[in-house]
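Asker: Here you go, one structure.
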Amino acid sequence: MKVWGSDSVLILESPEQQRAGVKERRSAVGRPAQFGWIIALLSLLSACSVFPQGTGFAVTTECILPDDQVDTIPAKWKVLPIPIALESGSGGFPNSEVGPILDAADRWNSHFETVFGVKAFDYGEQNSPRSMSGTRPSDVCSSWVTSGTRYVGNINIYLHSTWIHTSMPTTIALTTTCPNGSGSPQTNVAGLIELNYQNYFVTGKNLPDLESIMTHEFGHLLGLKHSCAVREGDVGPDCDEEGLPTSYLEAVLFPSFRFNEFGAGEVRSDLNENDQGRTNCLYESLKEDD
Ligand SMILES: [Zn+2]
1 MKVWGSDSVL ILESPEQQRA GVKERRSAVG RPAQFGWIIA LLSLLSACSV FPQGTGFAVT
61 TECILPDDQV DTIPAKWKVL PIPIALESGS GGFPNSEVGP ILDAADRWNS HFETVFGVKA
121 FDYGEQNSPR SMSGTRPSDV CSSWVTSGTR YVGNINIYLH STWIHTSMPT TIALTTTCPN
181 GSGSPQTNVA GLIELNYQNY FVTGKNLPDL ESIMTHEFGH LLGLKHSCAV REGDVGPDCD
241 EEGLPTSYLE AVLFPSFRFN EFGAGEVRSD LNENDQGRTN CLYESLKEDD
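Right, here's the structure in full:
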């Protein structure tokens, strides 16, 4: 039996974020209260400190998996890099949005090259990334993209100008992965990423920071679940839990992204210690080949 999961993003406010919203509204004297922060959530499906990575956090090369997050890395890919392809053509990603998607992939590539000596994602050439123009399969997990230790297909990234997941209208993006087998972690054999260009990313709607969203979704694609749980069925500690470590709340894999009063999305695309530490545990076996 195949077990599969989806990881997405939807609107939700946790007390922590509501407090942030209150603070924001208080500081904006005379501004109507309804223009506070809105929180968007991504939902679920999946050392040593050296020099700063990009503008953000130090590189963590060791496996760090706190007890309350042991269930948050249930499946991984047997082989890296994972080949990805972007929807192109008239219904696909405009050129201006290809860059941020590749930048998000490169955030993971940079980490994986540093720690494991291999890239996480293969998108082809920087100036002409791999593209696709098919329709989304109705049964994602029925066609595997892996065969033994090879890839026989790509993980496709779809732009949906009509969001097909109508039961989740506030979801910004959705990553589906298909774990197979009984190992721990299990092995992913198929998957895809979908972006909601009906209710986000377009004029008149909230505009998430695409690089941040894609860095989050690529984390799911690699096999990471959220840093904390926001919905029934989520694994890991509750995001509202008292005393949750700051590193959980500030992780790229934290389930929510905020929007400001103008509808611009929060920028959070630097992999922090929690993102990196969990990733290092999930792919620790790559090191054993050294
Ligand atoms: Zn998510």
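In case it helps, our numbering puts the sequence shown at residues 1 to 290.
The C-beta atom is built at its ideal place from N, Cα and C for all residues, glycine as well.
These numbers come from a predicted model, not from an experiment.
Scan the segment 54–91 and note each continuous beta strand (DSSP E) run of 3 residues or more that stays entirely inside, going in chain order.
Answerer: Listed in chain order, they are 82–87.
Asker: Leaving aside the five residues before and after isoleucine 82 along the sequence, list all residues of the same chain whose C-beta is less than 8 Å from its C-beta, in chain order.
Answerer: As a position in the sequence shown, residue 82 is number 82, starting the count at 1. Once the five neighbours on either side are set aside, the close Cβ partners of isoleucine 82 are Ala120, Phe121, Asp122, Tyr151, Ile155, Leu221, Leu222.
Asker: Which whole-angstrom value is the C-beta distance of tyrosine 297 and glutamate 87, which I expect to be below 8 Å?
Answerer: The requested residue 297 does not occur in the structure, where the chain is confined to residues 1 to 290.
Asker: Using DSSP with H/G/I as helix, E/B as strand and the rest coil, what is serine 128?
Answerer: The sequence position of residue 128 within the sequence shown is 128, counting from 1. Note: serine 128 maps to strand in three-state DSSP.
Asker: Could you check which residue in Ile164, Glu62, Val235 has the C-alpha nearest to that of phenylalanine 307?
Answerer: The question about residue 307 has no answer here: the residues shown for the chain are numbered 1 through 290.
Asker: Just checking my contact of serine 247 with alanine 190 at CB under 8 Å: how many whole Å lie between their CB atoms?
Answerer: Numbered from its first residue, the sequence shown carries residue 247 at position 247. Numbered from its first residue, the sequence shown carries residue 190 at position 190. Wrong, their Cβ atoms sit about 31 Å apart, outside the cutoff.
Asker: Closer than 8 Å to a non-hydrogen atom of ligand 1 - does that hold for the CB of leucine 253?
Answerer: The residue labelled residue 253 in the question sits at position 253 within the sequence shown. Yes, since a heavy atom of ligand 1 falls inside the 8 Å radius drawn around the Cβ of leucine 253.
Asker: What I want to know is whether the C-beta of threonine 175 ends up closer than 8 Å to one or more non-hydrogen atoms of ligand 1.
Answerer: The residue you call residue 175 lines up with position 175 of the sequence shown. Yes, the beta carbon of threonine 175 sits closer than 8 Å to at least one heavy atom of ligand 1.
Asker: Examine ligand 1 and report whether any of its heavy atoms sits within less than 8 Å of the Cβ of glutamate 217.
Answerer: Along the sequence shown, read from residue 1 onward, the residue named residue 217 stands at position 217. Glutamate 217: yes, Cβ under 8 Å from ligand 1.
Asker: Is the segment 70–78 touching the segment 228–240 in the sense that three or more CB pairs, one from each, lie closer than 8 Å?
Answerer: They touch, by the three-pair rule.
Asker: State the beta-bridge partners of isoleucine 155 as determined by DSSP.
Answerer: Counting from one through the sequence shown, the residue named residue 155 turns up at place 155. Paired residue(s): Ile84.
Asker: Should the segment 101–111 be regarded as contacting the segment 211–218, the criterion being three or more beta carbon pairs within less than 8 Å?
Answerer: Judged by Cβ distances under 8 Å, the segment 101–111 makes contact with the segment 211–218, as three or more pairs qualify.
Asker: Using the rule of at least 16 other Cβ atoms within 10 Å of the residue's Cβ for burial, across every protein chain shown, is isoleucine 84 buried or exposed?
Answerer: Counted from its first residue, the sequence shown places residue 84 at position 84. Burial call: buried.
Asker: Could you tell me which of Asp68, Trp77, Asp67 sits nearest to threonine 187, measuring between CA atoms?
Answerer: Within the sequence shown, numbered from 1, the residue matching residue 187 stands at position 187. Here the closest residue by C-alpha is Trp77.
Asker: Would you mind sorting glutamate 273 into buried or exposed? The rule is 16 or more other CB atoms within 10 Å of its CB.
Answerer: By 1-based counting over the sequence shown, the position of residue 273 is 273. With 16 or more Cβ atoms within 10 Å of its Cβ, glutamate 273 is classed as buried.
Asker: Could you pull out every residue in the same chain whose Cβ sits closer than 8 Å to the Cβ of glycine 92, ignoring the five residues on either side in sequence?
Answerer: Working through the sequence shown from its first residue, we reach residue 92 at position 92. Excluding positions up to five away in sequence, the list reads Leu86, Ser131, Ser133, Leu159.
Asker: Near alanine 173, which residues of its chain fall below 6 Å by C-beta distance, leaving aside the five closest residues on each side in sequence?
Answerer: Numbered from its first residue, the sequence shown carries residue 173 at position 173. So the qualifying residues of the chain are Val9, Leu195, Ile213, Glu217.
Asker: Given a threshold of 16 other Cβ atoms within 10 Å of its Cβ, counted over all protein chains shown, does proline 208 qualify as buried or as exposed?
Answerer: To locate residue 208, count along the sequence shown from 1; it is residue 208. Proline 208 is buried by the Cβ-count criterion.
Asker: Among Thr162, Ser161, Val140, which one has its Cα closest to the Cα of aspartate 153?
Answerer: Here residue 153 refers to the residue found at position 153 of the sequence shown. Looking at the sequence itself, residue 153 is glycine, so the reference to aspartate does not match. Of the candidates Thr162, Ser161, Val140, the one whose C-alpha sits nearest the C-alpha of glycine 153 is Val140.
Asker: With H, G and I counted as helix, E and B as strand and the rest as coil, what does DSSP make of phenylalanine 259?
Answerer: Counting from one through the sequence shown, the residue named residue 259 turns up at place 259. Strand, per DSSP.
Asker: Does the beta-carbon of histidine 165, which I'm using as the reference point, lie nearer than 8 Å to any heavy atom of ligand 1?
Answerer: Locating residue 165 in the sequence shown gives position 165, where the first residue counts as 1. No - ligand 1 has no heavy atom lying nearer than 8 Å to the Cβ of histidine 165.
Asker: Could you check the C-alpha separation between leucine 224 and leucine 253 for me, to the nearest Å?
Answerer: Taking the sequence shown and counting its residues from 1, the one referred to as residue 224 is at position 224. Taking the sequence shown and counting its residues from 1, the one referred to as residue 253 is at position 253. Cα-Cα distance, rounded: 8 Å.
Asker: Taking 9 Å as the cut-off, decide whether the C-beta atoms of proline 245 and proline 94 are in contact.
Answerer: Here residue 245 is taken as the residue at index 245 of the sequence shown, counted from 1. Here residue 94 is taken as the residue at index 94 of the sequence shown, counted from 1. In this structure, proline 94 does not lie closer than 9 Å to proline 245 by Cβ.
Asker: Serine 161 and glutamine 198: beta carbons closer than 9 Å?
Answerer: Mapped onto the sequence shown, residue 161 falls at position 161. Mapped onto the sequence shown, residue 198 falls at position 198. Their beta carbons are under 9 Å apart, which means serine 161 touches glutamine 198 by this criterion.
Asker: I think glycine 277 touches threonine 60, with their Cβ atoms under 8 Å apart; what is that distance to the nearest whole Å?
Answerer: Mapped onto the sequence shown, residue 277 falls at position 277. Mapped onto the sequence shown, residue 60 falls at position 60. Right, their Cβ atoms sit about 5 Å apart.
Asker: Below 6 Å CB to CB, which residues in the same chain sit around glutamate 288 once its five sequence neighbours on both sides are set aside?
Answerer: The residue given as residue 288 occupies position 288 in the sequence shown. Answer for glutamate 288: no residue qualifies.
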